[in-house]
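Residue numbers (the numbering used here): 231 to 529. For every residue, glycine included, the Cβ atom is placed at its ideal position computed from N, Cα and C. Here the structure comes first, spelled out in structure tokens, and everything after it is commentary.
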Amino acid sequence: MLIHRNMERISTDTPVDVMLTPQFYTIKREPLPVKFAYQAKKIAPSLFDGLLESDGSYDYFVYREGDTWVFIAYDLDEVLAFLAQKGIPPEKTGKIYFAQQVWKKITDPIPLGEKEALTVLDGTVVVVPRMALPGANFLSFDESFRPSKGVSPEVGGQTLFTRKQAIVVAAVFVLFGGIWLAEGLRYGKTNVTLQKQLNEFYENYPALQSAYTRDSIAGKYRKIDTEERKKREIIGKIAGLIFKGVTLTEFDMTQKKFKAVFVLSDKQVAKRFDQLLKSAGFSKSKASSDTKIIVEGTL
């Protein structure tokens with residue numbers, strides 16, 4: 231079951247495995263010179279220094295992608311409390327997974343209620359407003375998204391063990407060796423196939439063999455591709471500004487500019503938001519207040 235902030239309350243008599251959306255965790259990637267997950271996990275707290283709320287109690291899920299370690303910080307107490315509110319008590323909570331683990335399978339957005347969707351930007355799973363995805367094809371969340379490893383919060387009878395007794399299983403994803411060579415061979419074969427198709431296309435449409443015609447068409451679509459990449463980049467940065475205590479109340483994007491309005495819950499959230507805002511390269515509009523931040527820019 232996919233867990234998100236606006237989900238409906240459910241009723242269950244059997245244990246439920248859940249997958250958390252980015253609304254419940256924070257992710258970082260680091261290329262570290264360690265071989266094993268338990269070694270990487272030891273330094274996880276220092277990597278999130280200043281990025282997490284000070285009043286939380288965090289656990290860390292660590293796995294490897296190629297030469298990079300992926301670190302996921304989450305507050306297990308907060309997660310279990312939220313699940314209990316939605317009808318899934320601790321004793322009925324099975325495995326806990328993270329959406330980031332299956333980012334390669336999210337080839338199209340997955341709806342989260344009527345207003346939000348789960349999508350992937352630059353290899354990171356994010357939650358974005360559905361209004362930012364006009365005309366998108368949506369995927370249905372099903373059993374095929376289940377990762378091979380997850381977290382198992384232990385329970386005793388009807389009561390959850392203490393945090394010190396909880397055993398968190400770190401999942402390690404090891405990609406095949408020689409990935410760069412494999413990718414190179416794959417792209418090489420793809421190029422040969424594309425060239426063959428291109429030659430057949432020219433035979434059917436001789437007018438396009440003109441270099442001027444081809445360059446004109448290529449230039450047109452290159453411009454479109456650049457504009458779309460810029461839009462995706464902006465949406466990714468806006469999504470990265472949303473965390474607990476921050477609500478995106480308005481988002482509008484045209485061919486030339488964009489505007490986003492955020493509402494912040496308190497001063498501590500505002501301080502962290504300012505840091506993320508600077509990191510994203512954005513600045514506040516003069517019309518902003520302490521708790522209502524307006525971000526505007528051009529494409």
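Would you kindly check if the distance between the Cβ of Gly365 and the Cβ of Gly239 is under 7 angstroms?
-> In the sequence on display, residue 239 carries Arg and not Gly. It is not a contact, given that the beta carbons lie outside the stated cut-off.
Less than 6 angstroms between the CB of Lys514 and some heavy atom of the ligand ZN, yes or no?
-> Ligands displayed in this structure: none; no statement on the ligand ZN is therefore possible.
Can you check the region 269 to 309 for any beta strand (DSSP E) of at least 3 residues that lies completely inside it and give the ranges in chain order?
-> 289 to 295, 298 to 304
Could you give the distance in angstroms between the alpha-carbon of Gln253 and the alpha-carbon of Ala469?
-> 10 angstroms
Contacting residues, own chain, Cβ-Cβ under 8 angstroms from Thr256 (five flanking each side not counted) | Phe278, Leu281, Leu282, Ile302, Ala303, Tyr304, Phe473
Cβ-Cβ separation, Gly286 to Tyr327 (assumed contact under 8 angstroms), whole Å | Going by Cβ atoms, the distance from Tyr327 to Gly286 rounds to 20 angstroms, so no, they are not a contact pair.
Starting from Leu342, follow its DSSP beta bridges and name the residues at the other end.
-> Glu346
Nearest to Gly343 by CA position, among Lys486, Phe503, Leu232, is which residue?
-> Leu232
Over the uninterrupted alpha helix (DSSP H) stretch that includes Val181, give me the two end residues.
-> Missing from the structure shown is residue 181; the chain here goes from 231 to 529 and no further.
Cβ neighbours of Leu471 in the same chain (closer than 6 angstroms, five flanking residues each side left out) | Leu506
Leaving out five residues on either side along the sequence, give the residues of the same chain with a beta carbon under 8 angstroms from the beta carbon of Pro261.
-> Asp297, Thr298, Trp299
CA-CA distance, Leu529 and Val292?
-> 36 angstroms
Which class does Ala267 belong to by DSSP, given the choice of helix, strand or coil?
-> helix
Answer yes or no: do Ile465 and Ala362 have a C-beta to C-beta separation smaller than 7 angstroms?
-> yes
Take the Cβ of Thr521 as the centre, count every other Cβ of all protein chains shown within 10 Å, and call the residue buried at 16 or more, exposed below.
-> exposed
Let me know the secondary structure DSSP gives Ile472 once reduced to three states.
-> coil
What did DSSP end up calling Lys334 once you bin it into helix, strand or coil?
-> helix
Below 7 angstroms CB to CB, which residues in the same chain sit around Asp307 once its five sequence neighbours on both sides are set aside?
-> Ser287
What separation, rounded to the nearest whole angstrom, lies between the Cα atoms of Lys322 and Pro377?
-> 19 angstroms
Between Asp504 and Thr477, what straight-line distance do the alpha-carbon atoms span, to the nearest angstrom?
-> 14 angstroms
When the Cα atoms are used, what is the spatial distance from Asp372 to Met249?
-> 11 angstroms
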